[in-house]
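For the record, the sequence lines run as chains A and B.
Oh and the first sequence: position 87 is 86 in numbering that gives the first Met the number 0, straight run, nothing missing.
Oh and the second sequence: position 194 is 193 in numbering that gives the first Met the number 0, straight run, nothing missing.
Just so it is clear, CB atoms sit at the ideal spot from N, CA and C, and this is done for glycine as well.
If you're wondering where the values come from, they're calculated on a predicted model, not measured in any experiment.
Here's the structure, in structure tokens; my notes come after.
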Amino acid sequence: MLRLTLRNILARKVRLFMSGLAIVLGVAFLSGVLVFSNGLSSTFDSIIYGSTPDGAVRAQDTEEFDGGFSGQTDQSLSPAVVAELAALPEVARADGDVVGFGMSLLASDGTLVGGTGAPTLAFNYHDGPNMDGDSALILEEGRWPTGTAEIVLDEAAVKAGDYQVGDDVKLLAPFGTLERTAKLVGTAEFNGGGTAGATLLIFSTEAAQQLFLGGKDVYNRISLTAADGVTQKDLAKAAGKVVPQGFEAVTGNQVAAESQDAVGGFLGVIKTFLLVFAIIAVIVGGFIIVNTFSILVAQRSRELALLRALGAGRAQVTRSVLLEAFVLALVASTLGIGLGLLLARGLAGIFRSIGLDIASNALDLTSGTVITSYAVGIGMTMVAAYLPARRGSRIAPVAAMRADISVERASLHRRTVIGTIVLVIGAGVAIAGVRGAPGSDAAWIGVGAVLWILTVAALSSVVGKPVLALCRAIFARLFGAAGQLAGENALRDPRRTGATASALMIGLALVSTIGVLAASLNKSVDDVVDEQFTADLLVQSTNFLPFSTEVGDRIAGVDGVGTMSRQQFTTAQYDDESIYLTGNDDKFDDVYHLKVVDGRQRLSGAEAFVTESFATDNGVKVGDALDLGFQGGTTLTPTVVGVVEDSEVVGEVNVPLDQLVAAGVLRQDTSISILFSPGADAATVRDDVDAAAKSAPIVGVYDKAGFSEEIRGQVNQLLYMIYGLLTLAIVIAVIGIINTLGLSVIERTREIGLLRAIGMSRVRLRRMITLESIGIAVLGAVLGMALGLAIGILLQNALSDDLTSLGLPLGQLVAFLVIAVVVGVLAAVIPAIRASRLNVLEAISTE
Amino acid sequence: MTTAPHQVSPSLPAAARAIDLHKTYGSGDSEVRALDGVTITLAQGQFTAIMGPSGSGKSTLMHCLAALDTPTAGEVMVGETQLSRLKDKALTTLRREEVGFVFQAFNLIPTLTAQENILLPLSLAGRKPDQAWFDTVVDTVGLRDRLKHRPAEMSGGQQQRVACARALVSKPSIVFADEPTGNLDSTSGAEVLSFLRRSVDEFGQTIVMVTHDAVAASYCDRVVFLADGRVVDEINKPDREQILEHMTALQAAAARGKA
């Protein structure tokens, strides 16, 4: 039996190659994603552990890996504290750190370096070791900086900035004087390899103190190295007794763990995101396997019947088909894993281009990845091949003697009934979600959507009939006999057509769902911006990081700028939770008139207004005092004087800007809103503000339309990335169509011969097969888009708090349909050529 | 009784001719001469049978005459057209316009109804069917009540009659039938043969049939015998006994030749 199976595989190389390809691609994507995810994690892990000392003294409520969003406290540590710590018996050495965020590197041509994804980290150099006892930084070229005017960068930054050692490097400071320069004296990277795309700005302690701590001889963090035999815990405990108020001593492991958490959330999103697409690809591949094996079993039914007649048991027949599937899956998975490794390198290349650098030596196969990939590839194939295998075993031995053979199949009736019930259940689940069943609405709809997609895939042979009948009518009208035959062929085996179309359907259902959500998001953004963007111009940094107040000072001087309001966004601790806090200056009320639910918007002194959702979530009302904690242990206790409707222009809690200063948050601006003076020419003022802001390329100047566009650009970027990833599912579906058509051509060899004999030309024969392919593709597209629309509209409904308006991407849907037709045409190329090359005589005399 | 090979009644014009036709497969030692210099003229309005033992080349001859296969040497004329001058496209058109086919089995497209199958050559040509002629053909084969049925819903004999109707409906100048009764029981076979006979008698159709069945051949006007790729014998207006005698003689000769 084994030998027979292997012979079968070899005899059907081409047929199996195509279905194998579906497995190869699915597994390749899966293993590629796993390799990439591992590489991503280990890149960050080695940087985090390679740059973290045994222990650290830091400001209370510091958020590791925050990237500078919350700004910086003015609380500091004096050299005396460092000396005191160094003197402890548990401490081998203590090194004062100056860590600064929000500084930007400019390239030699004045444009911004980085600033898209990974943060720019600025700090002082000292030779304190990491927790493994190695140096935390490794010098690659030149020397470490000394004095007040020298800098060391990472190599990628040097390249991006087009600098060479010895050049003067242009910088933008987060505080005070905006433009700075420093002489490049060397390049360095983290111990552990690379920088993960972050830009490193390394100064001498003296220079860092000048830049970030107002030139005082103080530090904002201290790295601790434990004495021999002292554990991290004991080190932190001992240090904790001498640190001043507002600061805390923590173990290196805790710092590393917090960093990993902060990074992990972000990495987790990327990983899950990619993994979802890998799973989709594998499932789509599964449909193709089911179909291929169904057709193979049908074509071989006489042979299987002969086996049964010769005394093979049912189980033996099933096993022989399954064994064939196993060998195929093994070979295809092996190829897939290899291809996955290449794919991971490709992904890493894409991420590198958006600023997330992954060490290429981290992109290796782990045993876990290999085992998972084989398990999924083989498991999926075996499950998919099981149904056809079982059907094969049911062929009666007598079929071997019959001239016309067909595999007995249960009628579609039962399937229709069960499928309809499941569809209704799916709809019920989704509606229950929208009507407020417990838990997340979107999750209910998700469950309903999965039920729908699977059921429609199973029922595609039934629900697809009207679509196929319409195709037949159109084809027959446009292309005559060849068109009608194509339509008939697509309808001939509804299961086969349905299963083939289902693979495409899944891809298009997802694409359309995403399309509806993205269109709704864009529309909602437009609505929100339309309603809330009441300023004439808005100045913000592209990644919403705070910037030096000097930018605002320059803009304030522009003629025609009438009213200018500054806001600084930061985070604060409330009730042990991190919340978004905004400091608004006193011009804020002139620019923004928020919808006040209760109390008032105007603030003075220790007063705050909060958003409606914050008030509801925390049971806060007008008259309450809020306990807010800040980095460095400072606190504010403003009284709530107003509750406003949620708005994108304010944080959850809003206080006067001078209160933030009182809380020790160093002054920066996050957002500047401008109203033109009455009678000023908008275009001229706009040009002048642009010119004033040009010296600080970290910020952008937006009017209402520009702001919408900016956000829409970000949404669309994500959308195209998702479309790109879903392309894989569609490519696999195309392989499925090629496969089905190819097998159908083989199966219908005699019929094709007959058609040729009675006068069908090659051109028409090719057209017939192409039309059949288009029919399948259009069926998949129509079902997929219908499902995607339904799911997308339901989801928008469920998420209507954020997605306030429904957008339908009609243009995109038309484009998808056109793409489906193109897909159909492309998929038919090879089968059509094969069919038209068949020798008429041989075709007719084929058994 | 026996007449010289390839003699034709001079009164009838030729529907198709083969002139010194050769067809070889393979080369060197494994060379097989399927046709070894066949010259034959098929007269219009005649029902001709081509007979011969297995491997005599009768099917190859028919395939070459019907533009399904190309001869290694020699010329085939259908009407006044020299096939060797035609490219695939023109050959396809010729098959569609001038030639009708009935095969041994698998004659119909399973997805189409009987009527659609019959009209397929016309719709491929983009021609409107001649309704009166269609009715005549359908009534002659006796399929009026089966027109909406698909092949799977019909018996083998009915399917074969549909195939005959399809071959006739485009009014081809010649119909080729390749063992059309090979898969049928004797009753169904007789139905098909008498229909072919009637289409010759009543409509003046030219039919060439390859068969090894003496009963089938006895419906014909003329029987041509092939052996080893050559025309070796022929009978006009044969009856079954004559045909059987000739066949036996041929097989005996073949056995002697091999011995």
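Verify the contact flag: residue i, CB atom, against every heavy atom of the ligand ADP, threshold strictly below 7 Å.
i, result
"L340/A", "Only the bare structure without any ligand can be found here, which leaves the ligand ADP out of the picture."
My output table needs one value for residue i: the three-state DSSP class, helix, strand or coil.
i, result
"V32/A", "helix"
"L837/A", "coil"
"E140/A", "strand"
"F100/A", "coil"
"H412/A", "helix"
"Y48/A", "helix"
"Y218/B", "coil"
"H245/B", "helix"
"V828/A", "helix"
"I150/A", "strand"
"Y385/A", "helix"
"V242/A", "coil"
"M563/A", "strand"
"N123/A", "strand"
"S460/A", "helix"
"S26/B", "coil"
"R92/A", "strand"
So, at 7 Å on beta carbons, what are the nonlocal neighbours of residue i in its own chain, with the 5 sequence-adjacent residues on each side left out?
i, result
"I47/A", "A255, S258 and Q259"
"F478/A", "R766 and L770"
"A27/A", "G335, L338, G339 and L342"
"V698/A", "V538, Q539, S540, F546, V550 and A692"
Check this for me: beta carbons of residue i and residue j, under 8 Å apart or not?
i, j, result
"G348/A", "G31/A", "no"
"F546/A", "D645/A", "no"
"L580/A", "G650/A", "yes"
"G735/A", "T499/A", "yes"
"S707/A", "V538/A", "no"
"A827/A", "S772/A", "yes"
"Q600/A", "G641/A", "yes"
"T317/A", "G391/A", "yes"
"F35/A", "L362/A", "yes"
"T250/A", "G95/A", "no"
"V140/B", "F194/B", "yes"
"A197/A", "T119/A", "yes"
"L29/A", "V281/A", "yes"
"D626/A", "T634/A", "yes"
"V733/A", "V820/A", "no"
Please classify residue i as buried or exposed, where buried requires at least 16 neighbouring CB atoms within 10 angstroms.
i, result
"R495/A", "buried"
"Q795/A", "buried"
"E240/B", "exposed"
"M61/B", "buried"
"I745/A", "buried"
"Q250/B", "exposed"
"K236/B", "exposed"
"M102/A", "buried"
"S760/A", "buried"
"P120/B", "buried"
"Y573/A", "buried"
I'd like the list of long-range same chain contacts for residue i, defined as Cβ closer than 8 Å, with 5 residues on each side in sequence excluded.
i, result
"A148/A", "T180, A181, K182 and A206"
"E139/A", "E154, G185, T186, A187 and E188"
Using a Cβ-Cβ cutoff of less than 6 Å, which residues in the same chain neighbour residue i once the five nearest sequence positions on both sides are dropped?
i, result
"G514/A", "P808 and Q811"
"E606/A", "P637, T638 and V640"
"V231/B", "F224"
**Study point:** Whole runs of the beta strand (DSSP E) within the region 619 to 689 of chain A, excluding any shorter than 3 residues
**Key:** 638 to 643, 652 to 655 and 670 to 675
Practice item. Ignoring anything shorter than 3 residues or poking outside the region 40 to 120 of chain B, list the beta strand (DSSP E) runs there in chain order. Key: 46 to 50, 72 to 77 and 98 to 101
Exercise for review: Just list the alpha helix (DSSP H) runs in the region 300 to 368 of chain A, keeping only unbroken ones of 4 residues or longer that don't cross its boundaries, in chain order.
Suggested key: 300 to 308 and 313 to 352
Review point. What are the start and end residues of each continuous beta strand (DSSP E) run of 3 or more residues lying completely inside the region 150 to 238 of chain B, in chain order?
Key: DSSP runs (the beta strand (DSSP E)) wholly in the region 150 to 238 of chain B: 173 to 177, 206 to 209, 221 to 226 and 229 to 235.
Review point. Which runs of the alpha helix (DSSP H) fall wholly inside the region 190 to 249 of chain A and span at least 4 residues, in chain order?
Key: The qualifying runs are 204 to 211 and 231 to 239.
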